[in-house]
Structure formats: structure tokens, C-alpha cells
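Below you'll find the structure, written out as C-alpha cells, and then a few comments.
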């Protein structure tokens, strides 16, 4: 199996403005959680630095270095080992990362000044003297910053860099395999800027963009190149085509000491020579990638992460896809969505939603927690999904979490929305008596193309007449995403569904069926207040 770029385009559906703002505001939190999970085990130490840039670290000279975005020290500790005379300022905006740096066996207070700093907000001059740094290293750091804030970071660094100092940078390049994977998962924030499954972000640089960015901030281009390398995992028959950009910049003061300026032609020729020599030198360089990153693109990623879900009075151990793999996985059914967590909690606190009724869950995925809580009270529950792998894991999760008497009140079926064969198979179940009294879907309306098929399927399988109690209902719970609720309501009305109630992030907009689920004493909303949920309650 070979994974490779099928298109050079960076286009893709973008996340909503809400999520764009959320990822920006909570960038520190996402990276802190990253280091909480991985500690210092994710990235390899960057021992290639001396090979690539050793000429900038003069032997015996007591240079001052700033490692911007130091993480857990994968750059600073190899530098200290190779050049014991240097002094390093190391900053990162993740407090947990700085704690890990200080806990490293090679950390010395007298040689490394490690501190927390957000380079987009805080003034480096408050922590480092002006014009005191010889070399700034930025290794896979600038890509984590929103493009509009990159000039702020460079101006901040410029304050502490000596007139003839250098910035050494290596980062992700446009066209890298990871960019293609993120595009296919529709996790684009803006042009060439993406969010991963764990909430951390990455920008993919072109030569022109990076060069212009530094020039406009007052820097001189010394070297720049795009490097390509195939990374092979023979045991998995996997070839990954990776691209990164490597560059050296300096402040525009080099020729101010009475030296004659070179002509524009001479400077252009010098840059051409440096760029070409750089490409020849780095093409076989070590790829800055640990085994953890390789596994991100594993065709068979680990499905052994256990999530403990505790709705009121119950506890489920759900096996599923580890979070760090989710942004490279094509199946949404292998993920545990927050809307499913909310709906699971609501049902546990409001059993009357499903009590004594036949229930169908659409797009239950591998977790199936809404089905598992519903079967505690319902007459019968059918869990469905269109992904065979998700259904296989769902079956294991149900078997390991429910008593046999509850398992006998459940059925698991494959259901591709609108597929006549799948619909007929569900209608043949003994529990199907003209339709289901409650149909539940959590985060099933994220794709505009699937909305019509969703309501066609619901109309086929919902009970058409009431059995004397409340009317049959279709309940959709979702995080506000690309599909606007009005377009969902319109698609529903075209197929005969009426919106009976709508609840939007704590506000009930109709006659209060949903708001009654959040009555005084309900605790579940406390855990979800910062997430923009919508619940739509439909009847025929």
C-alpha cells in the first residue's frame, strides 16, 4: 500500500468561524494536553542540527541561543551536548512542556533559561535583553501559529536578535502527505492552515510565503529550500512522501559596517547557489519524525484506547480509536463524538425519552453509547452504522458492557442511508412493527451531501402513527458545524417532518420539550457548557 499526494491543491471545506476562534483561543490548552498525553516520548531528539547548521555554531565561542517553541527540549539538549559553551533561552507557551524541560537529566539552571512565553502576546524583551541573542532556532514551531500572527512572532524575536544574528528554521512544507490527509478530513482553518484531531494546528509553507514573510519583517534571506523524502515502513508496506522547508535568515545589518554593498545580481546569484547547495545537502537528511508520527499514517492504527463514560448511575468502558489518530482516519464511525456524550447523559437523566419504546440509532459508530444507555429503559434498540469496521467494534463494546438480558433487547445492523436492501433488512426485524417510536442521531448531519438521505431513511423507518402516547420523534444532537440548522430544517420539511422543538446552546426556541430535559437538578449540562450544541426535535 502506498500513500501519496493525489493533488497539489490545498482547497478543502473550512471549519466554521466558531471553531476557528476556539482553536486560536485555546491553542495553549491543546498543546498542554498534547504534552500531558505524550510527555517527552513523541518527537525524537534533533541530532541532525549540527550536520545541517554546525557552521553557525563556532567552536569555543560562547554563543547565546534562543529556542523559540522549545517543546520538551528535543532541540536544546542535543545542542548543549554538542556545544557545551553555549547559553540557551528556551521558551514555550505550554507550561507542561517547560516543566518537562526542567525535569530533564541534562537540564542545568546555569546554562538553560527555560520559561513559559506566548510569542504572539508577550514581549520577549521583558525576559531577554535586547539584541543579545546570536542564533534563534525555530524547529516545527512557526507552523503552529496562525498565519496572521506570524509577523507578530518575528517582530518579537527581532527585538532580541543581534544585528548579525541568524534564525534557523525547519518546518512543514506545502504538499506534505500530512496536509493531504488533513484536507481529505476537511479540517482546514484557512489556506494551508489546518487543525489536527487533537486540536493542535499546522501551517504548510511554500518557499514564496516563507521568504516574503521574513523579508517583510526586515530579514535577509540566506538559505531556503524545500526537501523531499520517502519514509518507508516495510512491516506495514507503507510509503509516506514527506516534505519540509529549511531556511536561514539574518537581520539586514550585515553590510552596514563600511562594506560595499553587493549588486542585486550578485546577491541573487549567491542565493541561487546557497539554495541549490542546500537542496543537495539536505535531501538525505534525517527526517524529524518519531515512530509516533509514523503511526499516525498507519493503515491499521491502534483501536485499543479505553474511554470511561459515566452517565448518571452507569459506567461504560468504550474501546475505540486513540485521539491522536483521528485526524488521519477516514471513518467518522471510529470516533467518540461529544454530541453522543451529551445525548447519552440526557437519556440517563431523562429515561422517559425512550422508556418502553422502540429505538433506532442512526450512525451509532463504534461506541454506541446512546444505544447502550437507551436499552436500559427501552423496549428494543437497533444500532446502525454504514461502516463495517465500526459495527464490528460496536458489537464488542456492547458485549463487554451489557448484561445478557440487555444484549437480547438489541440488534446491530449495517445501514447505508437510502439503501433499499439495508432498509428492508431492518424492517424484517421482529421489533419492527410499522416503524420506530424514537430515532436518535448524534453528529450525523455534518455533511451537506448526506442530509437528504438522512431524512429519507428516517421517514422510511419512523412509526407513522402514535401508539397512544407521545408522537414518534426524530432527535438530532450535533455540534454546530458547516451545515446550518436552517438548511437541515428545510430538508426535513420537504420530506414531511415538522420541527417541534429546537434547543441551541442552552436556549430553547420552541415549546420546551428539550428544555425540560435540563430541569433543575440536571448535572450533565455543566460538563458541556463551552461546546456549541444544537438539539433538533422532529415529528411527522
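Residue numbers (full-length UniProt numbering): 1 to 540. Cβ atoms here follow ideal geometry from the backbone N, Cα and C, with glycine treated the same way.
Check: Local Cβ density within 10 Å of residue 46, reported as buried at 16 or more and exposed below that; Outcome: buried
Check: Enclosing beta strand (DSSP E) for residue 319 [first to last residue]; Outcome: 316-320
Check: Secondary structure, beta strand (DSSP E): runs of 3+ residues fully inside the region 468-496; Outcome: 473-479
Check: Enclosing beta strand (DSSP E) for residue 503 [first to last residue]; Outcome: 498-504
Check: Bounding residues of the alpha helix (DSSP H) (the contiguous stretch that carries residue 370); Outcome: 369-374
Check: Three-state secondary structure assigned by DSSP to residue 193; Outcome: strand
Check: Closest residue to residue 493 among 458, 519, 467, 512 (Cα-Cα distance); Outcome: 458
Check: Three-state secondary structure assigned by DSSP to residue 146; Outcome: coil
Check: Cutoff 7 Å; reference residue 71; Cβ partners in own chain excluding five residues on either side; Outcome: 43, 92, 97
Check: Same chain, Cβ closer than 8 Å to residue 32, five either side skipped, listed in chain order; Outcome: 94, 95, 96, 97
Check: Beta-carbon proximity of residue 25 to residue 189, cut-off 8 Å; Outcome: no
Check: For residue 344, the first and last residue of its enclosing alpha helix (DSSP H); Outcome: 338-349
Check: Residue burial classification, residue 498 (beta-carbon count within 10 angstroms, cutoff 16); Outcome: exposed
Check: Beta-bridge partners of residue 383, as assigned by DSSP; Outcome: 361, 412
Check: C-alpha gap between residue 143 and residue 150, whole angstroms; Outcome: 9 Å
Check: is_contact[residue 204, chain D] using C-beta, thresh 8 Å; Outcome: Although the question refers to chain D, the structure presented lacks it and comprises just one protein chain.
Check: Candidates 305, 450, 240, 513: closest to residue 176 by CA position; Outcome: 240
Check: Euclidean distance between Cα positions of residue 228 and residue 220; Outcome: 24 Å
Check: Proximity to residue 166 [Cα-Cα], best of 208, 249, 534; Outcome: 249
Check: Whole alpha helix (DSSP H) elements within the region 63-121, 4-residue minimum; Outcome: 76-82, 95-102
Check: Backbone CA spacing between residue 460 and residue 487 [nearest angstrom]; Outcome: 21 Å
Check: For residue 205, the three-state DSSP class (helix, strand or coil); Outcome: strand
Check: Whole-angstrom C-beta distance between residue 384 and residue 342, which should lie under 8 Å; Outcome: The Cβ separation is near 20 Å, so there is no contact.
Check: Counted within 10 angstroms of its Cβ, other Cβ atoms place residue 408 as buried (16 or more) or exposed; Outcome: exposed
Check: CB contact flag (residue 319, residue 306, <8 Å); Outcome: yes
Check: Cβ-based burial, residue 256 [other Cβ within 10 Å; buried from 16]; Outcome: Residue placement at residue 256 is flagged as unreliable, the pLDDT there being 40, under the threshold of 50; the coordinate-derived value follows with that caveat. Counting Cβ neighbours within 10 Å, residue 256 comes out exposed, since fewer than 16 surround it.
Check: Status (buried if at least 16 other CB within 10 Å, exposed otherwise) for residue 18; Outcome: exposed
Check: Range covered by the beta strand (DSSP E) that runs through residue 442; Outcome: 438-442
Check: Cβ neighbours of residue 132 in the same chain (closer than 8 Å, five flanking residues each side left out); Outcome: 64, 160, 162
Check: Chain-order list of residues whose beta-carbon lies under 6 Å from that of residue 199 (same chain, five-residue window excluded); Outcome: 30
Check: Reduced DSSP secondary structure (H/G/I, E/B, other) of residue 533; Outcome: strand
Check: Residues sharing a beta bridge with residue 137, DSSP; Outcome: 67, 168
Check: Endpoints, the beta strand (DSSP E) within which residue 396 is located; Outcome: Careful: residue 396 lies outside any beta strand (DSSP E), inside the alpha helix (DSSP H) at 388-401.
Check: CA-to-CA distance, residue 441 to residue 370, given in whole angstroms; Outcome: 9 Å
Check: Under the three-state DSSP convention, the category residue 305 falls into; Outcome: strand
Check: Close Cβ partners of residue 485 (< 8 Å) along its chain, the five nearest in sequence each way excluded; Outcome: 502, 504, 534, 536
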